[in-house]
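Written below as structure tokens is the structure these notes are about.
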Amino acid sequence: MTPTLTGTKKVVTGNHAVSYGAMLARVQVISAYPITPQTQIVELLSEMCANGTLRAKFIKVESEHSAMAALVGAASAGARTFTATSAHGLALMHEMLHWAAGARLPIVMANVNRAMGPPWSVWTDQNDSLSQRDVGWMQVYCESNQEVLDTVIQAYKVAETVLMPAMLVLDAFVLSHTAEQIEIPDQALVDRYLPPYQPVYKLDVSDPRSFGALAPPDLYMELRYKMHKAMEDALTEWARADEEYYELFGRRYGLIEPYRADDADLILVTSGTVTSTARDVIDELRAAGRRVGLLKIRVFRPFPAQLVREALANAQKVAVIDRNISFGMGGIFAQEIKSALYNAPDRPLIFGFVAGLGGRDITPTVIREIIEYTESRDEPEDLIWVGVKR
Amino acid sequence: MIEVRFHGRGGQGAVVASEILATALFKEGKFVQAFPAFGVERRGAPVMAFLRFDDAPIRRRCQIYEPDHVVVLDPTLLLAVDVTAGLKPHGTILINSDSPPESFTALQKFLVATVPAGEIAVAHNLGTRTNPIVNTAILGAFAHLTGFVHLETLLEAIAEKVPERQRERNQAAARAAYEAVKIMERSAL
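One line per chain: the protein sequences are A and B, in this order.
Per the numbering used here, the first sequence starts with residue 1050, numbered consecutively.
Per the numbering used here, the second sequence starts with residue 19, numbered consecutively.
Here's what the structure looks like:
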């Protein structure tokens, strides 16, 4: 059941939204190893490759490490490349993630957020992707199937401009296996937005060059500086890519998105699908006259620190929901937000909540309790475990 | 917003049923969300699937705990699972069963409907006598019971979601179940 039409609306799962995004981006090389809850992404792509809907090479491999290694080779040769994984698969790629970033290869990957074992879990949390925070990949957290599809296409635009790899992230089951209507953009429009990848340097026997050479101490640091500059440039490029996308397709998401936060005393900070449910809760509390707002963090790497500072400048209290835990410290988004705000002249009180690990449901009730807890306290707290049995 | 919960056994097609119904509702202009109970499934074990629909975009992204409607694809689940858990007062429960709705005495505070979906599936060569695939039949009954979608739209959605060689059999089963559903007298509520 592969697509024959674009520019249409249909009901698809988050996983298949990823597949359609990769199809529309006209990826040329896909290499992947199956893992729940990601498998459906590459299943559909393999069908598209088999029946000719997508003219791409699908390389079957024996592990995720090899999947990423294959893409490093293919991207070095100038191909537009794609893979998808989850949890232990992402962890197994770790070495090659560094390689892709250090080699400045614009590989795009979907990671379906799944909790790490042991104990075994197939359900969602962010510890898999956040464990790869410092490898030099951009990370973008999505809240709807439409955003998932649109982000695949935007990710190539940005990655191929700044020459850094990009990972889009979607919650296991809550998005990956949830079907909802999306618009599948018209292929001709996507082609206008995303022309073929034109690498500056590539593996080419007629133009031989050395790749992955030794960098002595007097050069290595400069290459790391350039990677960091590329990530800083990516902040501008994500904004630009998002605007251009809006002009053609009528949808944009921002690097962050404040929601009813202008005059809010308390701002809730979320990522992923929690954002979507939180919008309902914020509307309901606003209707009851409460001055509460929401800040969605979409682009996590590069971290849009200045935008976050501006968005939170007028709040008295900030409640961060982390679906992850850095053992011995606390929620990772909360750490990043505190770090971004530390040198700001006026800082809100920050409350860090850890909730929903291993797929525990984050319902409107859970979100209301987090807001009420924050409203009722005068002293900030670094780490509050939500609903944990002790 | 309307919320529906499907109870089935792994392999009966409860998840596909929720996606077919979502597609039909989408065709009639609704915003929809269909998803399985988050987790792992085994053939024969109790499974659940969910559906939300509304006139406005759906932003709530968590499981459904207080459904408006429950659909039971396998009557033996009534002995194994609390299928009415959280079901709203005066909610409907549609059961794949040969028995009349009035025979489910423990469920009489809900609007009970039954349809012999297993027999209908077997008659249309869907699955086997011991393991009939009842999902499209039960959707036909659900369409009649609730009036949420027109039968014709449901048949279109079935055509999109099932493999071509099974299309007509599934559509015929849905049509037969649409006619065969038995609904408890509302005055009994």
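All C-beta atoms, glycine included, are put in the ideal place defined by N, C-alpha and C.
The structure presented is a predicted model; accordingly, all values stated were derived computationally and were not measured.
Every unbroken alpha helix (DSSP H) within the segment 23 to 48 of chain B, with a cutoff of 4 residues, ordered by chain
Here the runs fully enclosed are 32 to 45.
So for residue 1147 (chain A), helix, strand or coil by DSSP?
Sequence index remark: in the first sequence, residue 1147 (chain A) carries index 98 (1-based). In this structure, residue 1147 (chain A) counts as helix in the three-state DSSP scheme.
Roughly how many angstroms lie between the CA atoms of residue 118 (chain B) and residue 43 (chain B), to the nearest whole one?
What you label residue 118 (chain B) is simply residue 100 of the second sequence in a count that begins at 1. What you label residue 43 (chain B) is simply residue 25 of the second sequence in a count that begins at 1. Taking the straight line joining both Cα atoms gives about 28 Å.
Thinking just about the alpha-carbon of each residue, which of A:1411, A:1306, A:1430, A:1373 is nearest to the one in residue 1176 (chain A)?
In the first sequence, the residue the question calls residue 1176 (chain A) occupies position 127. Cα-wise, what sits closest to residue 1176 (chain A) is A:1373.
Name, please, each residue of chain A whose Cβ falls closer than 9 Å to the Cβ of residue 49 (chain B).
Position 31 of the second sequence, counted from the first residue, corresponds to residue 49 (chain B). Neighbours of residue 49 (chain B) on chain A, chain order: 1229, 1230.
Between residue 163 (chain B) and residue 131 (chain B), is the Cβ-Cβ spacing less than 8 Å?
In the second sequence, counting from the first residue as 1, residue 163 (chain B) sits at position 145. In the second sequence, counting from the first residue as 1, residue 131 (chain B) sits at position 113. For residue 163 (chain B) and residue 131 (chain B), yes; Cβs fall inside 8 Å.
CA nearest to the CA of residue 1344 (chain A), picked from A:1350, A:1333, A:1323:
Counted from its first residue, the first sequence places residue 1344 (chain A) at position 295. When only C-alpha atoms are compared, the closest one is A:1323.
Classify residue 1230 (chain A) as helix, strand or coil using the three-state DSSP reduction.
By 1-based counting over the first sequence, the position of residue 1230 (chain A) is 181. Strand at residue 1230 (chain A).
So with CB distances below 8 Å, who are the chain B contacts of residue 1060 (chain A)?
The residue labelled residue 1060 (chain A) in the question sits at position 11 within the first sequence. Going along chain B in sequence order, the residues near residue 1060 (chain A) (Cβ under 8 Å) are 37, 40, 41, 44, 50, 52.
Run through the DSSP bridge pairs and tell me what residue 61 (chain B) is partnered with.
Residue numbering aside, residue 61 (chain B) sits at position 43 when the second sequence is read from its first letter. Paired residue(s): B:28.
With DSSP as the reference, please indicate the residues paired to residue 54 (chain B) in a beta bridge.
Indexing the second sequence from 1 puts residue 54 (chain B) at position 36. Partner(s): B:67.
Please list the residues of the segment 1320 to 1333 of chain A that have a C-beta atom closer than 7 Å to any C-beta atom in chain B, keeping them in chain order.
The segment 1320 to 1333 of chain A vs chain B, Cβ under 7 Å: 1322, 1325, 1326, 1328, 1329.
4 or more residues per run - each alpha helix (DSSP H) lying fully within the segment 1129 to 1213 of chain A
The segment 1129 to 1213 of chain A contains these whole alpha helix (DSSP H) runs: 1136 to 1141, 1143 to 1151, 1176 to 1179, 1194 to 1211.
Report the residues of the segment 62 to 83 of chain B with a CB closer than 8 Å to any CB of chain A, ordered along the chain.
Residues 76, 77, 78, 79, 80, 81, 83.
Residues in its own chain within less than 6 Å of residue 1161 (chain A) by CB, not counting five upstream and five downstream?
Here residue 1161 (chain A) corresponds to residue number 112 of the first sequence, with the count starting at 1. Within its own chain, the residues whose Cβ lies closer than 6 Å to the Cβ of residue 1161 (chain A), once the five positions on either side in sequence are excluded, are 1086, 1087, 1135, 1219, 1221, 1225, listed in chain order.
Cross-chain neighbours of residue 1412 (chain A) in chain B, by beta carbon under 7 Å:
Residue numbering aside, residue 1412 (chain A) sits at position 363 when the first sequence is read from its first letter. The answer, in chain order, is 80.
Distance check for residue 1292 (chain A) and residue 55 (chain B), CA to CA, integer angstroms please.
The residue you call residue 55 (chain B) lines up with position 37 of the second sequence. The residue you call residue 1292 (chain A) lines up with position 243 of the first sequence. In this structure, the alpha-carbon of residue 55 (chain B) lies about 37 Å from that of residue 1292 (chain A).
Exposure label - residue 1053 (chain A); buried when at least 16 CB within 10 Å
The residue given as residue 1053 (chain A) occupies position 4 in the first sequence. Because residue 1053 (chain A) carries a pLDDT of 44, less than 50, the predicted location of this residue cannot be relied on, and the following value inherits that uncertainty. That one is exposed.
Assign residue 74 (chain B) to one of three DSSP states: helix, strand, or coil.
To locate residue 74 (chain B), count along the second sequence from 1; it is residue 56. In this structure, residue 74 (chain B) counts as coil in the three-state DSSP scheme.
Within the continuous beta strand (DSSP E) that includes residue 114 (chain B), where are the two ends?
Reading the second sequence from its first residue, position 96 is the one you call residue 114 (chain B). Annotation: the continuous beta strand (DSSP E) that includes residue 114 (chain B) extends over 110 to 114.
So, is residue 1274 (chain A) buried or exposed, given that buried needs 16 or more other C-beta atoms within 10 angstroms?
For this step, residue 1274 (chain A) is matched to residue 225 along the first sequence. Residue 1274 (chain A) should be labelled exposed.
Applying the 10 Å Cβ sphere with the 16-neighbour rule, what's the burial state of residue 161 (chain B)?
Counting from 1 along the second sequence, the entry for residue 161 (chain B) is found at position 143. By the 16-neighbour rule on beta-carbons within 10 angstroms, residue 161 (chain B) is buried.
Could you tell me if residue 1174 (chain A) is buried or exposed, where buried requires 16 or more neighbouring beta carbons within 10 angstroms of its beta carbon?
Position 125 of the first sequence holds residue 1174 (chain A). Residue 1174 (chain A) comes out buried.
CB contact below 8 Å: residue 1197 (chain A) versus chain B
The residue labelled residue 1197 (chain A) in the question sits at position 148 within the first sequence. So no, residue 1197 (chain A) is outside the interface.
Check each candidate in A:1229, A:1330, A:1296, A:1207 and name the one with the smallest Cα separation from residue 1281 (chain A).
Here residue 1281 (chain A) is taken as the residue at index 232 of the first sequence, counted from 1. The candidate whose alpha carbon is nearest that of residue 1281 (chain A) is A:1207.
Short of 8 Å in beta carbon distance, which residues of its chain neighbour residue 1256 (chain A), apart from the five on each side in sequence? Order them along the chain.
In the first sequence, counting from the first residue as 1, residue 1256 (chain A) sits at position 207. Around residue 1256 (chain A): no qualifying Cβ.
Taking only beta carbons into account, state which residues of the segment 1170 to 1187 of chain A come closer than 9 Å to chain B, listed in chain order.
Those residues of the segment 1170 to 1187 of chain A placed with their C-beta closer than 9 Å to a C-beta in chain B are 1171, 1172, 1173, ordered along the chain.
Using C-beta distances below 6 Å, list every residue in its chain close to residue 53 (chain B), excluding the 5 sequence neighbours before and after it, in chain order.
Indexing the second sequence from 1 puts residue 53 (chain B) at position 35. Here the set comprises 68.
Give the range of the beta strand (DSSP E) segment to which residue 1401 (chain A) is assigned.
Looking up residue 1401 (chain A) in the first sequence gives position 352. Residues 1398 to 1403.
With a 10 Å radius around its C-beta and 16 neighbouring C-beta atoms as the bar for buried, classify residue 195 (chain B) as buried or exposed.
The residue you call residue 195 (chain B) lines up with position 177 of the second sequence. When all chains shown are included, residue 195 (chain B) counts as buried.
Nearest to residue 77 (chain B) (by Cα), restricted to the options A:1327, A:1418, A:1342:
On the second sequence, position 59 is the one that residue 77 (chain B) refers to. The shortest C-alpha to C-alpha distance from residue 77 (chain B) to any of A:1327, A:1418, A:1342 is the one to A:1327.
Measure from the C-beta of residue 1223 (chain A) to each C-beta in chain D and report whether the shortest distance is under 8 Å.
Absence of chain D from the displayed structure is noted, the protein chains being A and B.
If you compare alpha carbons, which of A:1200, A:1351, A:1279 is closest to residue 1210 (chain A)?
Here residue 1210 (chain A) corresponds to residue number 161 of the first sequence, with the count starting at 1. Just measuring C-alpha positions, the residue of A:1200, A:1351, A:1279 sitting nearest residue 1210 (chain A) is A:1279.
Secondary structure at residue 1218 (chain A), three-state DSSP: helix, strand or coil?
For the purposes of this step, residue 1218 (chain A) is identified with residue 169 of the first sequence, where counting begins at 1. DSSP places residue 1218 (chain A) in strand when its eight states are reduced to three.
Using a Cβ distance threshold of 8 Å, determine whether the segment 1235 to 1246 of chain A contacts the segment 1141 to 1150 of chain A, with at least three qualifying pairs required.
No: fewer than three Cβ pairs fall under 8 Å.
Count the other CB atoms within 10 Å of the CB of residue 87 (chain B); is the residue buried (16 or more) or exposed (fewer)?
Here residue 87 (chain B) is taken as the residue at index 69 of the second sequence, counted from 1. With 16 or more other Cβ atoms within 10 Å, it is buried.
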